[in-house]
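Numbering-wise (full-length UniProt numbering), the sequence shown opens with residue 1 and increments by one.
We put the CB at the ideal spot given by N, CA and C, even for glycine.
Quantities reported herein were computed from a predicted structural model and do not represent experimental measurements.
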Amino acid sequence: MNKAPQKAKRPCLSSGCKDFASNKGYCNKHQSRVKQRDRDRGTAHQRGYDAEWKKHRDQFLSEHPLCVECRRKGYVMPATVVDHIIPHKGDKDLFWNKSNWQPLCETHHNIKTASEDRGAWMPVTTKAVNDPDRKSPFKVGDVLTITNDVILSRLGCTDQDQWEVLDVINEKILEVSSGMKIQQLHFSHFKRVDQ
1 MNKAPQKAKR PCLSSGCKDF ASNKGYCNKH QSRVKQRDRD RGTAHQRGYD
51 AEWKKHRDQF LSEHPLCVEC RRKGYVMPAT VVDHIIPHKG DKDLFWNKSN
101 WQPLCETHHN IKTASEDRGA WMPVTTKAVN DPDRKSPFKV GDVLTITNDV
151 ILSRLGCTDQ DQWEVLDVIN EKILEVSSGM KIQQLHFSHF KRVDQ
């Protein structure tokens, strides 16, 4: 009687560890890392995903019902998750800034989240993400271009389009104008034209 093939063992995700993973990617010795990371992360409610968020999420998904990644690849899939393009890491302004939201299907959200957790995905302006207290370096009258591809496609513009800063809100959100378009976007989506 033949036995069914067994699943190949995978190495522990802990750097330099040569043991095999037993659960959630880590060996028995490094399981505490997973538990500590979960404790440090806090509950969904503690991270801001409460009834208020659910209301805004549902509204956003009703206005943007399709996954942007699937659309980019030429097929149609309903969006089920509102993703923060730049991870907010506790920054409430970035958390609630709708220009930092994108509709994704669960598959694309999981892929993006996994790559962020591995450190493979890096936003254009990592300083703003790593330092939630960082304030906008831009002032009223500055001329900027957008550096984030998702924002460019959402607004239907190019990285050559220029935006003038009309106002700086809460030291992080810029009200910008490009001809007839006026938008409120997080400062990390921009760079100065002269850079």
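- The DSSP-derived three-state label of glutamate 63 is helix.
- Assignment of glutamine 162 by DSSP, reduced to helix, strand and coil, places it in the coil class.
- Using a Cβ distance threshold of 8 angstroms, phenylalanine 138 and phenylalanine 190 count as a contacting pair.
- Of all alpha-carbon atoms in His64, Ile85, Lys55, the one lying nearest the alpha-carbon of serine 188 is that of Ile85.
- Within the stretch 135-184, the runs of alpha helix (DSSP H) at least 4 residues long that lie entirely inside it are, in chain order, 149-155.
- Note that the C-beta distance between aspartate 83 and leucine 66 is not below 8 angstroms.
- Cβ atoms of leucine 152 and valine 165 stay farther apart than 8 angstroms, at about 18 angstroms.
- For glycine 16, the closest of Leu155, Tyr26, Ser22, Lys9 by C-alpha to C-alpha distance is Tyr26.
- In this structure, DSSP gives arginine 192 an extended state, which the three-state scheme calls strand.
- Contact annotation: glutamate 106 and threonine 147 have beta-carbon atoms that are not nearer than 8 angstroms.
- Excluding its 5 nearest sequence neighbours in each direction, cysteine 12 has C-beta neighbours in its own chain below 7 angstroms: Asp19, Phe20, Ala21, Tyr26, Cys27, His30, listed in chain order.
- Non-local C-beta neighbours of serine 177 in its own chain, meaning closer than 6 angstroms and more than five positions away in sequence, comprise Glu164, Leu166, ordered along the chain.
- Using a 10 angstroms sphere on the CB of serine 136, the tally of other CB atoms reaches 16 or more, which defines it as buried.
- In this structure, isoleucine 173 and glutamine 162 do not form a Cβ contact; the two beta carbons are roughly 19 angstroms apart against a cut-off of 8 angstroms.
- With respect to the C-alpha of valine 193, the residue from Ser99, Asp142, Ser32, Gln59 having the closest C-alpha is Asp142.
- The shortest CA-to-CA distance from glutamate 175 to any of Ser99, Asp159, Lys112, Arg134 is the one to Ser99.
- Beta-bridge annotation (DSSP): proline 5 is not paired with any residue.
- Just so you know, the alpha carbons of valine 76 and cysteine 70 end up roughly 6 angstroms apart.
- If you look at aspartate 83, you'll find it in the beta strand (DSSP E) that goes 81-84.
- Under the three-state reduction of DSSP, histidine 88 is assigned to coil, being neither helix nor strand.
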